[in-house]
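Engineer:
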């Protein structure tokens with residue numbers, strides 16, 4: 036079977052490589068706000084003090100020691116075994132995921148993430164046959180930012196099921212967490228013995244195994260997962276049925292062509308959500324409301340400490356708060372029935388889109404344009420609108436922006 040690397044200019048929402056020379060207009064803006072803390076502290080990761088970093092390093096070292104002594108037994112899948120599975124499994128029609136790049140030029144704000152494809156000789160078939168469009172664009176965490184794009188994505192067609200996963204990493208090694216889990220969740224799902232008999236159980240198992248896997252992977256490769264982690268949202272459907280599973284604040288939204296209402300959206304997991312807050316506080320976690328001029332945000336901390344300042348209540352990684360109620364257990368929905376005669380569509384994206392764009396606005400905007408413009412052009416505009424709103428609200432800070440779009444009924448025809 037053929038495996039290929041490619042840049043997704045022919046299949047990406049962005050439609051082309053974003054020009055770094057256009058940053059001032061499309062991504063960045065000179066700071067016009069007067070903030071009590073830098074903009075990146077408002078919606079991005081908190082800066083961890085040196086003393087706290089040492090504490091986190093000790094936690095990671097203790098974890099390694101437990102693994103070495105055998106007091107914890109963690110398993111993981113080998114990357115070569117996953118690649119072999121995607122290439123050789125007869126039930127896999129195709130698989131793709133975002134490539135983790137070590138090339139600094141790939142970390143220029145506005146750069147599209149490269150994709151690794153399996154079993155797809157003609158990339159144009161993603162749009163023509165599967166009606167699947169994607170984009171994963173590097174944001175900007177300040178001028179001259181070359182930090183990695185921490186978003187990632189995967190798309191798998193297995194036994195007639197479309198499986199789409201988006202992840203949004205955070206912390207020093209969040210890009211490693213998202214790049215690992217976006218592959219392993221799909222792998223553990225497709226190889227689960229519950230598949231086809233207990234789909235919800237298979238989905239929960241896949242998340243649990245991927246959570247254990249990334250911990251073992253981090254220990255083996257000396258990657259921080261104490262204050263690094265990732266959100267995840269997964270959507271899967273076959274015919275009229277669909278399921279979702281999510282942790283954190285990446286989101287899947289479903290609408291019908293010709294109708295302006297949101298049919299379905301996953302629920303974000305935030306510290307101030309009543310059930311999430313109850314669980315965090317019952318397990319000894321501390322939720323603080325931080326204020327920055329006219330903006331407030333709730334963050335989760337280890338009680339009595341100034342880390343990690345997590346903005347979501349469920350995630351992969353983030354081991355320092357796993358004992359404080361932060362969990363990688365997903366909220367699972369389904370099976371839910373789609374009315375294919377009404378032409379359903381899916382928008383699944385990281386909070387680079389949803390931070391300033393409401394689901395209802397998104398659905399209305401897409402419905403308005405679908406009869407007039409190609410879907411890929413509409414997704415270009417959605418991504419551009421997300422960047423514009425980041426620029427308006429946060430000046431030089433713009434989150435990574437990942438969005439996937441699928442017209443389910445047209446895919447089935």
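Residue numbers (the numbering used here): 36 to 448.
Just so it is clear, CB atoms sit at the ideal spot from N, CA and C, and this is done for glycine as well.
To which residues of the same chain is residue 111 closer than 7 Å at the C-beta, ignoring the five residues directly before and after it?
Structural biologist: Locating residue 111 in the chain shown gives position 76, where the first residue counts as 1. Same-chain partners within the cutoff: 248, 251 and 252.
Engineer: Give a yes or no on whether the C-beta atoms belonging to residue 441 and residue 166 are separated by under 7 Å.
Structural biologist: Against the chain shown, residue 441 aligns to sequence position 406. Against the chain shown, residue 166 aligns to sequence position 131. Yes, these two residues count as a Cβ contact at 7 Å.
Engineer: By how many angstroms is the C-alpha of residue 96 removed from the C-alpha of residue 395?
Structural biologist: Within the chain shown, numbered from 1, the residue matching residue 395 stands at position 360. Within the chain shown, numbered from 1, the residue matching residue 96 stands at position 61. When rounded, the distance between both Cα atoms is 46 Å.
Engineer: Determine the burial state of residue 261: buried for a count of at least 16 other Cβ atoms within 10 Å of its Cβ, exposed for fewer.
Structural biologist: Counting from 1 along the chain shown, the entry for residue 261 is found at position 226. That one is buried.
Engineer: Taking the alpha carbon of residue 428 as the reference point, which residue from 327, 117 and 136 has its own alpha carbon closest?
Structural biologist: Taking the chain shown and counting its residues from 1, the one referred to as residue 428 is at position 393. Comparing Cα-Cα distances from residue 428 to each of 327, 117 and 136, the minimum goes to 327.
Engineer: Report the three-state DSSP secondary structure of residue 10 (helix, strand or coil).
Structural biologist: In this structure the chain extends from 36 to 448, so residue 10 is not present and cannot be described.
Engineer: Do residue 264 and residue 332 have their beta-carbon atoms positioned less than 7 Å apart in this structure?
Structural biologist: For the purposes of this step, residue 332 is taken as the residue at position 297 of the chain shown. For the purposes of this step, residue 264 is taken as the residue at position 229 of the chain shown. No, Cβ-Cβ distance for residue 332 and residue 264 is not below 7 Å.
Engineer: Give the secondary structure of residue 63 by DSSP, where H, G and I count as helix, E and B as strand, and everything else as coil.
Structural biologist: To locate residue 63, count along the chain shown from 1; it is residue 28. Interpretation of residue 63 is limited by its pLDDT of 35, a score under 50 that renders its predicted location unreliable; no figure is taken from the coordinates.
Engineer: Please go through the region 91-155 and give each complete alpha helix (DSSP H) segment of 4 or more residues, from N-terminal end onward.
Structural biologist: Correct list: 114-123.
Engineer: Could you tell me whether any Cβ in chain D is nearer than 7 Å to the Cβ of residue 291?
Structural biologist: The displayed structure is made up of one protein chain only, and chain D is not part of it.
Engineer: If we ignore side chains and look at the alpha-carbon of each, how far apart do residue 368 and residue 99 end up?
Structural biologist: Residue 368 sits at position 333 when you count from the first residue of the chain shown. Residue 99 sits at position 64 when you count from the first residue of the chain shown. So the two alpha carbons sit approximately 35 Å from each other.
Engineer: May I have the straight-line CA-CA distance separating residue 87 from residue 205, to the nearest angstrom?
Structural biologist: Within the chain shown, residue 87 is the residue found at index 52, counting from 1. Within the chain shown, residue 205 is the residue found at index 170, counting from 1. Whole-angstrom Cα-Cα distance: 17 Å.
Engineer: Are the CB atoms of residue 351 and residue 216 nearer to each other than 7 Å?
Structural biologist: Position 316 of the chain shown, counted from the first residue, corresponds to residue 351. Position 181 of the chain shown, counted from the first residue, corresponds to residue 216. For residue 351 and residue 216, yes; Cβs fall inside 7 Å.
Engineer: How would you write the range of the alpha helix (DSSP H) that residue 250 sits in, first residue to last?
Structural biologist: Numbered from 1 along the chain shown, position 215 holds the residue referred to as residue 250. Run containing residue 250: 234-256, per the alpha helix (DSSP H) assignment.
Engineer: Cutting at 8 Å between CB atoms, please list the residues of its own chain near residue 337, excluding the five before and the five after it.
Structural biologist: Taking the first residue of the chain shown as position 1, residue 337 is located at position 302. For residue 337, where only same-chain residues beyond five positions count, the Cβ hits under 8 Å are 320, 321, 343, 355, 356 and 359.
Engineer: Would you check if there are 3 or more beta carbon pairs closer than 8 Å linking the region 196-205 to the region 274-291?
Structural biologist: With a cut-off of 8 Å, the region 274-291 and the region 196-205 count as touching, because enough Cβ pairs lie within range.
Engineer: Kindly list the residues whose CB is nearer than 6 Å to the CB of residue 240, restricted to its own chain and excluding five residues on each side of it in sequence; keep chain order.
Structural biologist: The count along the chain shown starts at 1 and reaches residue 240 at position 205. Cβ neighbours of residue 240 beyond the five flanking positions: 227.
Engineer: Indicate whether the contact test is met: 3 or more Cβ pairs, each with one atom in the region 178-194 and one in the region 123-134, closer than 8 Å.
Structural biologist: A contact exists between the region 178-194 and the region 123-134.
Engineer: Roughly how many whole angstroms lie between the Cα atoms of residue 221 and residue 119?
Structural biologist: The residue given as residue 221 occupies position 186 in the chain shown. The residue given as residue 119 occupies position 84 in the chain shown. Whole-angstrom Cα-Cα distance: 14 Å.
Engineer: Out of 179, 365 and 380, which one is the CA nearest neighbour of residue 293?
Structural biologist: As a first step, residue 293 must be located in the chain shown, where it is residue number 258. Residue 293 has its Cα closest to that of 380, out of 179, 365 and 380.
Engineer: Provide the residue(s) that pair with residue 343 in DSSP beta bridges, ordered along the chain.
Structural biologist: On the chain shown, residue 343 is found 308 positions in, with the first residue counted as 1. Looking at the DSSP assignment, residue 343 forms a beta bridge with 336.
Engineer: Tell me residue 267's beta-bridge partners as DSSP assigns them.
Structural biologist: Taking the first residue of the chain shown as position 1, residue 267 is located at position 232. Answer by DSSP bridge pairing, in chain order: 202 and 282.
Engineer: Ends of the beta strand (DSSP E) at residue 168?
Structural biologist: Walking along the chain shown from the start, residue 168 turns up at place 133. Here the beta strand (DSSP E) through residue 168 covers 167-172.
Engineer: Closest by CA to residue 185, which one among 303, 172 and 196?
Structural biologist: Taking the chain shown and counting its residues from 1, one reaches residue 185 at position 150. Per the Cα distances, 172.
Engineer: Give the DSSP bridge partners of residue 441, in chain order.
Structural biologist: Walking along the chain shown from the start, residue 441 turns up at place 406. Per DSSP, 167 and 381.
Engineer: If contacts are defined as beta-carbon pairs under 8 Å, then residue 313 and residue 306 qualify, I think. What distance do you get, rounded to the angstrom?
Structural biologist: Walking along the chain shown from the start, residue 313 turns up at place 278. Walking along the chain shown from the start, residue 306 turns up at place 271. About 11 Å; that fails the 8 Å criterion.
Engineer: Hey, out of 397, 124, 145 and 259, whose CA is closest to residue 209's CA?
Structural biologist: For this step, residue 209 is matched to residue 174 along the chain shown. Per the Cα distances, 259.
Engineer: Sorted by chain position, which residues of the same chain lie with C-beta nearer than 8 Å to residue 42's C-beta, five sequence neighbours on each side aside?
Structural biologist: Indexing the chain shown from 1 puts residue 42 at position 7. The predicted model places residue 42 with a pLDDT of 33, which falls under 50 and marks its position as unreliable, so this point remains unresolved.
Engineer: So what's residue 321 in DSSP terms, helix, strand or just coil?
Structural biologist: As a first step, residue 321 must be located in the chain shown, where it is residue number 286. Three-state result, residue 321: strand.
Engineer: For residue 218 versus residue 370, is the C-beta spacing smaller than 7 Å?
Structural biologist: Counting from 1 along the chain shown, the entry for residue 218 is found at position 183. Counting from 1 along the chain shown, the entry for residue 370 is found at position 335. In this structure, residue 370 does not lie closer than 7 Å to residue 218 by Cβ.
Engineer: What whole-angstrom Cβ distance do residue 401 and residue 413 have, given they're in contact under 8 Å?
Structural biologist: Locating residue 401 in the chain shown gives position 366, counting from the first residue. Locating residue 413 in the chain shown gives position 378, counting from the first residue. Rounded, the Cβ-Cβ distance is 6 Å, consistent with contact.
Engineer: Tell me, please, which residues DSSP counts as bridged to residue 349.
Structural biologist: Here residue 349 corresponds to residue number 314 of the chain shown, with the count starting at 1. In the DSSP output, where bridge partners are listed per residue, residue 349 has 362.
Engineer: By alpha-carbon positions, which one of 246, 290 and 128 ends up nearest to residue 376?
Structural biologist: Along the chain shown, one-based indexing puts residue 376 at 341. Of the listed residues, the one whose Cα sits closest to residue 376 is 290.
Engineer: Helix, strand or coil: how does DSSP classify residue 52 here?
Structural biologist: Working through the chain shown from its first residue, we reach residue 52 at position 17. Confidence at residue 52 is low in this model, with a pLDDT of 37, below 50, so the placement of that residue should be treated as unreliable; the coordinate-derived value is given next. Three-state DSSP puts residue 52 in coil, outside helix and strand.
Engineer: Apply the 10 Å Cβ neighbour rule to residue 300 and answer buried if 16 or more other Cβ atoms are within range, or exposed otherwise.
Structural biologist: Mapped onto the chain shown, residue 300 falls at position 265. It is buried - the Cβ of residue 300 has at least 16 other Cβ atoms within 10 Å.
Engineer: I need the DSSP call for residue 368, collapsed to helix, strand or coil.
Structural biologist: Numbered from 1 along the chain shown, position 333 holds the residue referred to as residue 368. Strand at residue 368.
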